[in-house]
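Comments concern the structure below.
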Amino acid sequence: MRQHRLDRVPQAARAAIRALQERLELPLEFPPEATAQAEALLRRPPSPEQHVDRTDIEFVTIDPPGSMDLDQALHIEREDDGYLIHYAIADVGFWIEPGSPIDVEAHRRGQTLYAPGARIPLHPPALSEQAGSLLADGRPRPAVLWSHHLGPDGRVREVTVERALVLNRHKLDYAGVQADLDAGRAHPSVALLPEVGQLREMIEEARGGISLNLPEQEIVERGEHWELAFRELQPVENHNAQISLMTGFAAADLQLRGGVGILRTLPPAEQSAIDRLRRAAATIGVPWRDGESYPEFVRRLDPNDPRELAVLMKCTFLFRGAGYLAFEGEVPGGNVRHSALGNEYAHVTAPLRRLVDRYVLEICLALAAGTDVPDWVRAGMDAVPADMARSGQRASAYENGVMDVAEALVLLGREGELLEGTLIDVNPKTRRGTVQVPVSAVELHVSANPKDVGETIRVRIDHVDIREGRVKLTRVN
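The sequence shown begins at 719 in my numbering and counts up one residue at a time.
Right, dumping it as C-alpha cells:
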C-alpha cells in the first residue's frame, strides 16, 4: 500500500494537509483487492443485452478542465413546440457487484472528498476516471439515460429512464461553453441550454425555490503555488444545474409514486428564524419591503454590496438539517421535501462521486421498467442515510480544513500587514466574526461586535500558522 501522494500540494502546505488527513482519519488508500477489481473492469466490455444503443445522440460533457470523473453527458434539441433533453448519467451500478471489495469500500467512504492535489475519491480511479467515466475517448460507455420531454414553457410533459450505451463526442468546460454561447458559436448539443435553463429558473421562482447567489471561494493552482479567488458562477453553470435539479425532481417523483426510495430532504425554515433574519436585515441596513416574501427578498440581494452580502450569509442559517430519507411502502409522515428547492428531490446525477446516487438510480430503473427493485438495494438502503451523514461531516471538515491551510499559505510572510474587508457575520455568543477580504480572497476570523455586521473594517495580521491553518488577527478600527 503506497503512501497517499501530495505532489500537487505546495511543499509548505504538505505537512499541514497530511496532519489534517490523519486527524480526520481519512481513507487515503484503497484496499489492494478493491484496486485490483477496478483495474479488471477496464477489460470488461459494455453489455448490449442490458443497454440499448443510443450512440447516435451527440452527447457532450461540461466539467472543470481537469476533471476525469465525468458523471453527466447532455444533449438538448427542439421537439415539436417544446424541447427534448437527453441526460446520460454514468451507470456505476453496471460495474459494481454488490458486496464486492469496491462496494464495501464505497460504503466506508460515502463520497469523494475534494481538495486541489489532495482529492480522495469514492471509487478507485480505474473505475471513476476510466471504465465508468463518460470520457470523450471514442469509446461507448454504459449510462442511465434520462429523457425529459418539455413543453414550450419548460415544464415536464414526460420522463423516461433506461440503461443505454452513449458516446461522449466532446469534453467541454464551463468557461469555454459560456464564451461560445456569448459569441453565438455554441456547440449544437448545448446551444439551447440558456433557453431551457431560463425557463426552468422561472419555474423555480414560481414554486418558491431559492438559490443563494454567494461568491464562491476557491483555491487556484499556479504551478507550485496556491492562490485564492472569489469566483462567481458562469450563467451556463446555473442553467446546467437546472437540468440536474430537474432530473432529481423526476427521480423523487418516480420513487414516491413507486413507494420505495431515498429522498434528499431539508426541513422548512421556522417562522421565528425568518423573523430574526428580517430584524437582522433591518439592523444591517437592508430594507425588507412590505409584502415581500422570503424568496423574493433573497433573489434581489446583490452579493457585491457588502451589507447585502452580510444578509445573504445570514440566509444560509435558515435552512439547516438536510438529510436523506429512505422509505419503502407507505411514505413516512413529516417533511419529505427539500424546502430550499421547493420540491421533492433525490440525489441521482453524481454516482461516481456519491454513494446514494447509485442506489437511487437502481430504484428508478426498476420502477420505470416495472420490475422488482434489486434485493441488494432493498437490503442496504436503510443504512445509506447514515453512511451519507458521516461522509458529509468528513467532507465538510476536510474542505474547511484545506481552505484554512490555503488561507494561511497565502498570508504567510505578511505578518504586520493591514487588510480591509467586510464583516459578513458575527456569532452573538462567542463574538467570533468572519471578515471577507476581496483583495486576498480570504475569509478570516476576528473578535467583533454583532452590531458591526455589514461594515467595512481593517484588521492586522499578527501571526500565521500553516500547520494548524490559523491566522491571528487584530481589529484596528
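Note that beta-carbon positions come from the ideal geometry of N, C-alpha and C, so glycine has one too. In this text, all values refer to a predicted model and were calculated from it rather than measured experimentally.
Best match in the options for proximity to residue i [C-alpha to C-alpha]
i: G872; options: A882, E913, R857; result: E913
i: D787; options: Q829, W1006, N958; result: Q829
i: E1048; options: F1015, P1024, Q973; result: Q973
i: L1059; options: S1165, G926, T1174; result: G926
i: P1168; options: R1038, D1143, I1175; result: D1143
i: A791; options: G902, A854, Q989; result: A854
i: E1046; options: F967, P1024, I980; result: I980
i: S1011; options: A836, R1149, R996, P1021; result: R996
i: I1175; options: L1137, D1105, P906, A734; result: L1137
i: S785; options: Y1116, G1051, Y832; result: Y832
i: T1089; options: P843, G976, F967, N1022; result: G976
i: E936; options: E1117, T1192, L890; result: E1117
i: R940; options: P1092, R726, R1096; result: R726
i: H1181; options: N1195, D1170, H1163; result: H1163
i: D789; options: G966, I807, A1113; result: I807
i: A758; options: A1086, P842, L863; result: P842
i: D811; options: E747, S851, G800; result: Here the sequence assigns Gly to residue 811, which means Asp is not the residue at that position. Checking every option, the nearest Cα to that of G811 belongs to S851.
i: A1159; options: E934, I803, L984; result: E934
i: A1044; options: E815, D1105, W1094, D1100; result: D1100
i: R1108; options: A731, P728, A730, E743; result: E743
i: R1038; options: S765, P985, E922; result: P985
i: I803; options: E767, A1040, L911; result: L911
i: E797; options: W1006, T983, P870; result: P870
i: H905; options: K889, D1122, D1105; result: K889
i: E747; options: R826, R732, M964, G894; result: R826
i: N1061; options: R949, E1014, M964, T1148; result: M964
8 Å Cβ cutoff met for residue i and residue j
i: V884; j: T773; result: yes
i: A1064; j: V1078; result: yes
i: W944; j: A1124; result: yes
i: T1140; j: V1153; result: yes
i: R887; j: P860; result: no
i: C1082; j: V908; result: no
i: Y805; j: H867; result: no
i: A991; j: V1029; result: no
i: F947; j: V938; result: Sequence check: residue 947 is Ala here, not Phe. In contact: A947 and V938 (Cβ atoms closer than 8 Å).
i: A1184; j: A1126; result: It should be noted that the sequence gives Ile, not Ala, for residue 1184. Yes, the Cβ-Cβ distance between I1184 and A1126 is below 8 Å.
i: S1057; j: A987; result: yes
i: Q896; j: P834; result: no
i: I838; j: P763; result: no
i: W864; j: A970; result: no
i: V1091; j: A1097; result: no
i: L1197; j: A849; result: It is not possible to answer for residue 1197, since the shown part of the chain is limited to 719 through 1195.
For residue i, the residue or residues it bridges with in DSSP
i: T965; result: Answer is none; T965 lacks a bridge partner.
i: T1034; result: Per DSSP, none; premise fails for T1034.
i: D1183; result: R1188
i: R949; result: E934
i: E876; result: H867
i: T983; result: G1041
i: E1161; result: Q1154
i: T1140; result: Q1154, T1174
i: Y801; result: R796, L868
i: R761; result: For R761, which the question treats as bridged, DSSP gives no partner whatsoever.
i: Q829; result: R1072
Coil, strand or helix - residue i by DSSP
i: N1061; result: strand
i: N1053; result: coil
i: V1066; result: coil
i: V978; result: strand
i: M719; result: Note that M719 scores a pLDDT of 36, beneath 50, so its modelled location is shaky and nothing firm can be said.
i: D1075; result: helix
i: R940; result: strand
i: L863; result: strand
i: N1022; result: coil
i: R1150; result: strand
i: S1114; result: helix
i: T779; result: strand
i: A733; result: helix
i: D771; result: strand
i: H888; result: strand
i: A1166; result: coil
i: R881; result: strand
i: R741; result: helix
i: A1107; result: helix
i: R1193; result: strand
i: E1046; result: strand
i: I814; result: coil
beta-carbon residue i near the ligand SAH non-hydrogen atom, thresh 7 Å
i: L1073; result: The ligand SAH is not part of this structure, which contains no ligands at all.
Integer Cβ distance of residue i from residue j, believed to fall under 8 Å
i: S1165; j: G1151; result: 7 Å
i: I780; j: N958; result: 6 Å
i: V1074; j: Y1042; result: 6 Å
i: A844; j: A756; result: 4 Å
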